[in-house]
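Chemist: Heads up: the sequence shown begins at 0 in numbering that gives the first Met the number 0, then just goes up one per residue.
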Amino acid sequence: MNKLGGFRLDRRGVMAVVVASLVLAGCGSSPGESGDKVVAAAVDGQVEKPNLKLGFIKLTDMAPLAIAREKGFFADEGLNVTLEPQANWKVLLDGVIGGQLDGAHMLAGQPIAATIGYGTKANLIAPLSLDLNGNAITLSNRVWQEIKPSLPTEGGKVRHPISASALKPVVAKFEQQGKPFNMGMVFPVSTHNYELRYWLAAGGLNPGYYTPGDVGGTVSADVKLSVTPPPQMPATLEAGTIEGYCVGEPWNQAAVQKGIGVPVITDDQIWHDNPEKVLGLREDFAAKYPATTAALLRAIIKAQQWLDADNGANRAEAVKILSQPNYVGADEAVIAASMTGKFTFEKGDTRDAQGFNIFFDKFAGYPYYSDAIWYLTQMRRWGQIAEDKPDSWYFETAKAVYRPDLYLAAAGKLVKDGVIPAASVPETDGYRGEQGGFIDGITYDGHQPNAYLAKFKNGLKKGQKVSAAGVSGS
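1. At the level of alpha carbons, what is the spacing between residue 328 and residue 256?
2. According to DSSP, is residue 455 part of a helix, a strand, or is it coil?
3. Pick out whichever of 456, 442, 448 and 209 has its Cα sitting closest to the Cα of residue 466.
4. Any idea if residue 214 is buried or exposed, counting beta-carbon neighbours within 10 angstroms, 16 or more meaning buried?
5. Can you tell me the Cα-Cα spacing of residue 335 and residue 46, whole angstroms?
6. Using a threshold of 8 Å, state whether the C-beta atoms of residue 138 and residue 95 are closer than that.
7. Here's a check: name, in chain order, each residue in its chain whose Cβ is nearer than 8 Å to the Cβ of residue 83, leaving out the five neighbours to either side.
8. Can you check DSSP and say which residues form a bridge with residue 434?
9. With distance defined between alpha-carbon atoms, name the residue in 166, 343 and 326 nearest to residue 142.
10. Only counting the same chain, and skipping five residues up and downstream in sequence, which positions put a Cβ closer than 7 Å to that of residue 305?
11. What residue range is occupied by the uninterrupted beta strand (DSSP E) comprising residue 107?
12. Taking 6 Å as the limit between beta carbons, can you name the residues of its chain near residue 474, skipping five residues before and five after?
13. Less than 6 Å between C-beta atoms, sequence neighbours within five positions excluded: which residues of the same chain meet that for residue 11?
14. Of the residues 364, 64, 186 and 267, which one's Cα is nearest the Cα of residue 436?
15. In three-state terms, what does DSSP make of residue 69?
16. Given 8 Å as the limit, is there contact between the segment 282 to 289 and the segment 168 to 177, that is, 3 or more CB pairs closer than that?
17. Three or more C-beta pairs closer than 8 Å, one from the segment 433 to 448 and one from the segment 183 to 202: is that the case here?
18. Decide if the segment 286 to 301 is in contact with the segment 110 to 128; the criterion is three or more beta carbon pairs, one per stretch, under 8 Å apart.
19. With a CB to CB cut of under 7 Å and the five nearest residues on each side skipped, what residues in its chain are close to residue 160?
20. Thinking residue 340 and residue 352 are a contact (beta carbons under 8 Å), I'd like their distance in whole angstroms, please.
21. Let me know the secondary structure DSSP gives residue 272 once reduced to three states.
22. Would you call residue 349 buried or exposed, if buried means 16 or more other Cβ atoms sit within 10 Å of its Cβ?
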């Protein structure tokens, strides 16, 4: 009889589980208050739906899906999975909600936003986190050339991390010329949007606020942010429509290869080991097909382990797979530039970046409630959540969307079968401990979302609201 995270994983009912947790995930005590360990869902039986279609965007961090298919992990679990690239994040989201897709490589903010009714309303869940880190911010050559002379150096190279405060003179010059300083991100509820906003705000630049019904988020903005699909970022930068962007790989390294832009900071330098994409599913899919969901998660977890095995020994093979046109479709050299332990900031400045993509290590797959709460705090910080919410609302929302019980059901069987080590699954109440590693030095505790929001100099405070005229309230 094996144990995982303190819970027994035999099939005799000793483990305290409730099948109804597949449907009633939001019920019961608030996860921020109980302090109890998360219990695995009860899952057993044959796969109910062997033929699945999953969507993805052409980014390096879709790798667990590609590897699960190419290395036979889906097939080993009795699944026949088709992977279908999507034009943009909106099309992908609509495909999952409408049932054209059974699930998807999804922005972490998408199932959260859908559940609270921001942009669209649907009951989506995230039973697995796909990776940590993986994004960067790139500036156009002309902006880089303006700020580079003022940046501190060490060892003959620019010192990192680079603060957004370096952009202030450039943004001021644009304003004097009556022009907006535009930057791109991939979707209003994307990690990229919040990372870019976090970086700008930490450097003293206002990235703007959202008002009810406003998806632009440019009220009071020093830097105006707009949406561009990831593969189109380099071309949009080259056209001069934007002066920089935040995107996942390989589209920062593509700008380096094309000689049109310079990455200036990775998301790991904004928030060390931050959560990135998730596997997004409809809640009713998981309820109707529990064994299928567990099999799907097991296959992806095995792919995640393969990607991080032996200090990245499989990454070169992964690069070849991802370079295929049916997956990411970028040159091998561009994908390898960030996928194999290095990251190029500009030509001649390539640095070690062993943790740029983490898929399995550091509990990368576990869907922590505190990760979901961080996204919710940023939605509130910038006005996507229009009014104050009590801490309990954050806890309940996180528990409705992030489903570590489903993750543990899948991971538990893999531990029992000796596929993954028990130490690779955390013993937790669903929350990480207090986290540092943010570029502004602020620490984050998911148990205290409102106290966390109060720490920021830039962003909505308690009682404040946003209108087209600006921020008002206490």
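Here a beta-carbon is modelled for each residue, glycine too, at the ideal position from N, C-alpha and C.
Modeler: Concretely, from the data shown:
1. As a first step, residue 328 is located in the sequence shown; it is residue number 329 there, counting from the start. As a first step, residue 256 is located in the sequence shown; it is residue number 257 there, counting from the start. Whole-angstrom Cα-Cα distance: 15 Å.
2. In the sequence shown, residue 455 corresponds to position 456, counting from 1. Coil, per DSSP.
3. Translated into the one-based positions of the sequence shown, residue 466 becomes position 467. If we check each option's Cα against that of residue 466, 209 comes out closest.
4. Residue 214 sits at position 215 when you count from the first residue of the sequence shown. Residue 214 is exposed by the Cβ-count criterion.
5. One-based indexing of the sequence shown puts residue 335 at position 336. One-based indexing of the sequence shown puts residue 46 at position 47. Cα to Cα, residue 335 sits roughly 36 Å from residue 46.
6. Walking along the sequence shown from the start, residue 138 turns up at place 139. Walking along the sequence shown from the start, residue 95 turns up at place 96. Not in contact: residue 138 and residue 95 (Cβ atoms no closer than 8 Å).
7. As a position in the sequence shown, residue 83 is number 84, starting the count at 1. Answer for residue 83: 52, 53, 54, 55 and 100, listed in chain order.
8. Position 435 of the sequence shown, counting from 1, holds the residue named residue 434. Its beta-bridge partners are 443.
9. Start at 1 with the first residue of the sequence shown, and residue 142 comes out as number 143. Nearest of 166, 343 and 326 to residue 142, Cα basis: 166.
10. Against the sequence shown, residue 305 aligns to sequence position 306. Cβ neighbours of residue 305 beyond the five flanking positions: 66, 70 and 313.
11. Residue mapping note: residue 107 aligns to position 108 of the sequence shown, counting from 1. Here residue 107 belongs to no beta strand (DSSP E), and DSSP marks it neither H nor E.
12. This structure gives no information on residue 474, because the portion of the chain shown stretches from 0 to 473.
13. Taking the first residue of the sequence shown as 1, we reach residue 11 at position 12. Because the pLDDT of residue 11 is 31, which lies under 50, any placement of that residue in the model is unreliable, and the number read from its coordinates should be weighed accordingly. Excluding residues within five positions, none has a Cβ falling inside 6 Å.
14. Start at 1 with the first residue of the sequence shown, and residue 436 comes out as number 437. Among 364, 64, 186 and 267, the Cα nearest to that of residue 436 is on 267.
15. By one-based count along the sequence shown, residue 69 stands at place 70. DSSP places residue 69 in helix when its eight states are reduced to three.
16. no
17. yes
18. yes
19. Within the sequence shown, residue 160 is the residue found at index 161, counting from 1. The residues are 264, 268 and 438.
20. Taking the first residue of the sequence shown as 1, we reach residue 340 at position 341. Taking the first residue of the sequence shown as 1, we reach residue 352 at position 353. Indeed, because the Cβ distance is near 6 Å, the residues count as touching under 8 Å.
21. Position 273 of the sequence shown holds residue 272. Three-state result, residue 272: coil.
22. In the sequence shown, residue 349 corresponds to position 350, counting from 1. Per the 10 Å Cβ criterion, exposed.
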